[in-house]
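The sequence shown: position 54 = 54 (UniProt numbering), numbered continuously.
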Amino acid sequence: GSIYFLFSIWSAMVGMSLSNIIRFELSIPSSFIGDDQIYNSLVTAHALVMIFFMVMPAMIGGFGNWLVPMILLSCDMAFPRMNNMSFWLLVASIIILMFSMLSSKGSGTGWTIYPPLSSIEFHSGVSMDLTILSLHAAGISSIMSSLNFLSSVLIMRQKSILIELCSLFSWSIMITTFLLLLALPVLAG
């Protein structure tokens, strides 16, 4: 859980620096960056960094990895190695995202990341492919975490804790991770 918190703090610093660049550009348009495509790439990277690499690791990986075993009275999560794989997939994903921002013209705005909504004239090249690969890796990481949480609540609780007597927090984790499992294949596939 601690390494997730450190990663989310680092991602918050990256996101804050991107936010400062965006605010500086908005205060005096075209004075700092001067190119709309690069600005759009910064906005996209900022959104993805703050959602996938700051909020989700802190909430799911950090708090979840500490609180779930304590509430369930278990020694660990159901699949600790899956937890490790999920974390390192996030690190690879953010590195790929940063490379996508630096390659060719960048990926454009968040609405044009997925190919059905993007135009080939503006988004040809490797940057779009790297951004989509980064989103897929982050989605797979979240699916692995969700499976781990759902499995932990279902099979790692003490025998004395019946499923219907689990705490409201445990039920909220089960429902949230189930909904994540329904929604995240869009990103991972």
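Ideal Cβ positions, reconstructed from N, Cα and C, are used throughout, including at glycine.
Nothing here was measured: the structure is a model prediction, and the numbers come from that model.
Please report the straight-line C-alpha distance between residue i and residue j, rounded to a whole angstrom.
i, j, result
"residue 155", "residue 181", "18 Å"
"residue 96", "residue 132", "9 Å"
"residue 140", "residue 59", "17 Å"
"residue 75", "residue 10", "28 Å"
"residue 111", "residue 158", "For residue 111, the pLDDT reaches just 49, beneath the cut-off of 50, and the residue's location in the model is therefore unreliable, leaving the point undetermined."
"residue 35", "residue 41", "10 Å"
"residue 44", "residue 70", "37 Å"
Assign residue i to one of three DSSP states: helix, strand, or coil.
i, result
"residue 7", "helix"
"residue 128", "helix"
"residue 29", "coil"
"residue 59", "helix"
"residue 78", "coil"
"residue 23", "helix"
"residue 36", "helix"
"residue 13", "helix"
"residue 175", "helix"
"residue 48", "helix"
"residue 143", "helix"
"residue 156", "coil"
"residue 41", "helix"
"residue 196", "Nothing can be reported for residue 196: it is not among the residues displayed for the chain, which extend from 1 to 189."
"residue 151", "helix"
"residue 167", "coil"
"residue 184", "coil"
Apart from the five residues on each side of it in sequence, which residues of its chain come closer than 8 Å, Cβ to Cβ, to residue i?
i, result
"residue 148", "77, 78, 79, 82, 83 and 86"
"residue 17", "none"
"residue 162", "none"
For the ligand FAD, is there any heavy atom lying closer than 7 Å to the beta carbon of residue i?
i, result
"residue 175", "The ligand FAD is absent from the structure shown, which contains no ligands of any kind."
Give me the Cβ distance between residue i and residue j, rounded to the nearest whole Å; I'm assuming they're in contact under 8 Å.
i, j, result
"residue 53", "residue 90", "6 Å"
"residue 146", "residue 184", "7 Å"
"residue 173", "residue 55", "Not a contact, Cβ separation roughly 16 Å."
"residue 134", "residue 93", "5 Å"
"residue 130", "residue 99", "6 Å"
Which same chain residues, not among the five before or five after residue i, have their C-beta less than 7 Å away from its C-beta?
i, result
"residue 104", "125, 126 and 127"
"residue 22", "42, 43 and 46"
Using a Cβ-Cβ cut-off of 6 Å (strictly less than) and excluding sequence neighbours within five positions of residue i, which residues of its own chain qualify?
i, result
"residue 2", "none"
"residue 151", "78"
State yes or no: is the beta carbon of residue i nearer than 8 Å to at least one beta carbon in chain B?
i, result
"residue 25", "Among the chains in the structure shown there is no chain B, since it carries only a single protein chain."
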